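Asker: Residue numbers (my numbering): 1 to 277. Glycine is no exception: its CB is placed at the ideal position from the N, C-alpha and C atoms. From a predicted model like this one, the values you see are computed outputs, not experimental measurements. Before I ask anything, here is the structure I am working with.
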C-alpha cells in the first residue's frame, strides 16, 4: 500500500510558514476551522502538531477523531488531507519532536501544552490556484453582492474591521463543512467578500473544482487570515444563489488571535460569552 502523503505535500507540511487550516467537527456535527501552523510530518503518514492556543478545536478532536487539514503554500498550491486523530502526547518522543520545531525551540514565551498526533488516511492532488482566477472570483463575488437578500439578525453582525478585512483581496478565506463521508472538509474561497454585516458571498469555483457540493441550509465555518496577521472565524448557514454563487448567513463571529482568542465579536460587549476556539 502506497503512502498517503505525496512528496510535494510532505514538503509543504514541513514548511512552518505555510498556512495549515485544521477542520474539526463537534459531536453535534458543527464544523470548526482554525489556523494551526505547527502541523508537520512526524514520519511516513503520521502527522503531528504542537497544541498551545486552541480550545474548541481540542475539544472537538477529543470527542470525534475525524479531522482534516487544508495545506497551502505562498505560491497558492493547496492540498486537502483527511486524518484520524490519535491523541495527545506529553514527555515522550512526540513531544520532544515538537519542542525542537522552530516556533517552540527558539521562543522562551511559547511552550506546547502537548503534541497532537494524527494518521493521514487520504490526501487530494495538488490544486494550484492562479492569481487570475483569484481576481476573477473576487470580481464575480463583488458583482453578486446585490443578489444577496438583506436579512436582519440580532447575532452574527460582524464588526466594521472584520467586514473591511473580508473585502480585501489579499486576505485568505477558507470554508469548512462536514462532508457526506462524515469528515470535516475545507476549501479556499479567496474571492469571498462581505455583502453586508451578516452575509458573505463567494464564487463556488474552488468548491466545485474539488468535487464538493454544498447543500442549501448546510452549516459552515469560515476562517479569515489577514496580513497583519490577524485571524477571525465566522460560523453560519450556507445559502445557494445558483450553481456558481453562494452566500453565508453569519450567526457567530470570533477573533482567533491574541490577546483574546475565542472572544465573540458579533454581539454587544455586555452580552458576550467567551467560547474559546
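1) Can you have a look at residue 270 and say buried or exposed, based on whether 16 or more other CB atoms are within 10 angstroms of its CB?
2) Kindly provide the ranges of any beta strand (DSSP E) runs that are 3 or more residues long and lie completely inside the segment 41-100, ordered along the chain.
3) On the three-pair Cβ rule with 8 Å, is the segment 152-171 touching the segment 112-125?
4) Using a 10 Å radius around the Cβ and a threshold of 16 neighbouring Cβ atoms, would you call residue 68 buried or exposed?
5) Residue 227: buried (16+ other C-beta within 10 angstroms of its C-beta) or exposed?
6) I'd like to check one pair, residue 163 with residue 195: are the Cβ atoms closer than 7 Å?
7) Please determine, among 221, 256 and 17, the residue with the shortest C-alpha to C-alpha distance to residue 103.
8) Quick check: the Cα distance between residue 175 and residue 187, rounded to an integer number of angstroms?
9) Would residue 84 and residue 27 qualify as a contact pair, given that the criterion is a beta-carbon distance under 7 Å?
10) From the DSSP output, in three-state form, read off residue 19 for me.
11) Can residue 76 and residue 21 be called in contact, C-beta distance under 7 Å?
12) Taking the alpha-carbon positions, what's the residue 134 to residue 261 distance?
13) In the DSSP assignment, find the unbroken beta strand (DSSP E) run with residue 127 in it and report its ends.
14) If I measure Cβ to Cβ from residue 12 and keep anything under 6 Å in the same chain, skipping five residues before and after, which residues do I get?
15) May I ask you to list the residues that DSSP assigns as paired with residue 7?
16) In chain order, what residues of the same chain have a beta carbon less than 8 Å from the beta carbon of residue 245, not counting five sequence neighbours either side?
17) How many Å lie between residue 276 and residue 58 at the Cα?
18) Can you tell which of 197, 121 and 126 has its C-alpha closest to the C-alpha of residue 155?
19) Determine the direct distance from the alpha carbon of residue 208 to that of residue 173, and round the result to whole angstroms.
20) Could you give the DSSP three-state label for residue 253: helix, strand or coil?
21) With a threshold of 16 other CB atoms inside 10 Å of the CB of residue 39, please say whether the residue is buried or exposed.
22) Identify whether residue 103 lies in helix, strand or coil by the three-state DSSP scheme.
23) Using the Cβ count rule (16 or more neighbours within 10 Å means buried), how would you classify residue 14?
24) The beta strand (DSSP E) that contains residue 219, what's its start and end?
25) Does the distance from the CB of residue 123 to the CB of residue 4 come in under 7 Å?
26) Locate the alpha helix (DSSP H) running through residue 205, then write down its first and last residues.
27) How far does the alpha helix (DSSP H) with residue 163 in it reach, from first residue to last?
28) Count the other CB atoms, across all protein chains shown, that sit within 10 Å of the CB of residue 268; report buried if there are 16 or more and exposed otherwise.
Answerer: The relevant details are as follows:
1) In this prediction, residue 270 has a pLDDT of 42, which is less than 50 and means its spatial position is unreliable; what the coordinates show is noted afterwards. So residue 270 ends up on the exposed side.
2) 46-51, 66-72 and 78-89
3) no
4) buried
5) exposed
6) no
7) 17
8) 6 Å
9) no
10) coil
11) no
12) 29 Å
13) Where residue 127 is concerned, there is no enclosing beta strand (DSSP E), given that its DSSP letter is neither H nor E.
14) 18, 71 and 73
15) DSSP output for residue 7 lists no bridge partner at all.
16) 140, 141, 144, 147, 201, 202, 203 and 204
17) Reliability fails at residue 276, whose pLDDT of 49 lies under 50, so the model's placement of it is uncertain and no value is given.
18) 197
19) 16 Å
20) strand
21) buried
22) helix
23) exposed
24) 219-225
25) yes
26) 205-209
27) 160-166
28) exposed
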